[in-house]
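Residue numbers (full-length UniProt numbering), protein chains in the order written: chain A, 1 to 114; chain B, 1 to 114.
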């Protein structure tokens, strides 16, 4: 637990990234960052991720325009996860919902969240 | 995007789990859940995870007493990540900090968060 930033990428070279709306504090999405996505995010101020399904770098909002402007990056105790505090441009979820976490679990069903 | 709960575990049999304090909405920690950890969490109302380093089921707070009482589970659009809205008993981080995300990134250094 040094004070120098030394991100601990997992066996696939990834960190877990949680996107939080810096306005209301709500969790908007969870994704993964490799070293390049982290570097691009820091360089540009726009959240970039690594797509595990496509195997490529991914600028969030590249096609939809719904980018995430990063205000602050929080790092956890063991440096294998980050929280990106962001100002989202438009909805974050590809379904059009503000947050990807728009449903809650009730028995074995997903029902609309608050 | 069905309405039935059908968690999409990754190649290692894991979901990403983000723990949020249901009181103030702050992100407290990020961990992983396998099918068993998810089932135990739902049965007991206490957050259980899968420890990737030890390769075992893990009841958060088993030794420290700092358990997480789960109020609600939110599920994301593609069902590979969950947010656990919890009432934490005591600090969540093993360092004694309330949240594991107690530092923010500034240049290449980690400095205390707000």
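Think of the CB as a built atom: it goes at the ideal place given N, C-alpha and C, for glycine as much as any other residue. Because the structure is a prediction, the values reported are computed rather than measured.
For the options A:85, A:77, A:19, A:29, the alpha carbon positioned closest to that of residue 102 (chain B) is the one of A:77. Residue nearest to residue 55 (chain B) within the set B:71, B:37, B:63, B:65 is B:37 (criterion: CA-CA distance). Under the Cβ criterion of 8 Å, residue 94 (chain B) is counted among the residues facing chain A. Between the beta-carbon of residue 23 (chain B) and that of residue 87 (chain B) there is about 7 Å, and that keeps the pair under the 8 Å contact cut. For residue 43 (chain B), the secondary structure class from DSSP, reduced to helix, strand or coil, is helix.
Per DSSP, residue 64 (chain A) lies in no beta strand (DSSP E) and is assigned neither H nor E. Residue 99 (chain B) sits away from residue 18 (chain B), with the two beta carbons spaced by 8 Å or more. In the DSSP secondary-structure assignment, residue 88 (chain B) is bridged to B:68.
Per DSSP, residue 102 (chain A) has no beta-bridge partner at all.
Listed by position along chain B, the residues whose Cβ is nearer than 8 Å to that of residue 4 (chain A) are 108, 109, 110. Beta-carbon to beta-carbon, residue 50 (chain A) and residue 14 (chain A) are separated by about 6 Å, close enough to satisfy the 8 Å threshold.
Between the alpha carbons of residue 72 (chain A) and residue 108 (chain B) lies a gap of roughly 13 Å.
Under the three-state reduction of DSSP output, residue 14 (chain B) falls in the coil class, being neither helix nor strand. Distance between residue 4 (chain A) and residue 106 (chain A), taken at the CA atoms: about 42 Å. Each of A:63, A:52, A:35 was checked against the Cα of residue 92 (chain A), and the nearest Cα belongs to A:63.
Within the stretch 58-82 of chain B, those residues whose Cβ lies closer than 7 Å to any Cβ of chain A are, in chain order, 72, 73, 74, 75, 76, 77, 81. When the five nearest sequence neighbours on each side are left out, the beta carbons in the same chain lying within less than 6 Å of the beta carbon of residue 89 (chain A) are those of 66, 67, in order along the chain. The contact set of residue 101 (chain A) on chain B, defined by CB atoms closer than 9 Å, consists of 18, 74, 75, 76, 77, 81, 82, 83 in chain order.
Rounded to whole angstroms, the Cβ separation of residue 83 (chain B) and residue 30 (chain B) is 10 Å, and the two are not in contact under 8 Å. For residue 113 (chain B), the nearest CB of chain A lies under 8 Å from its own CB, placing it at the interface with that chain.
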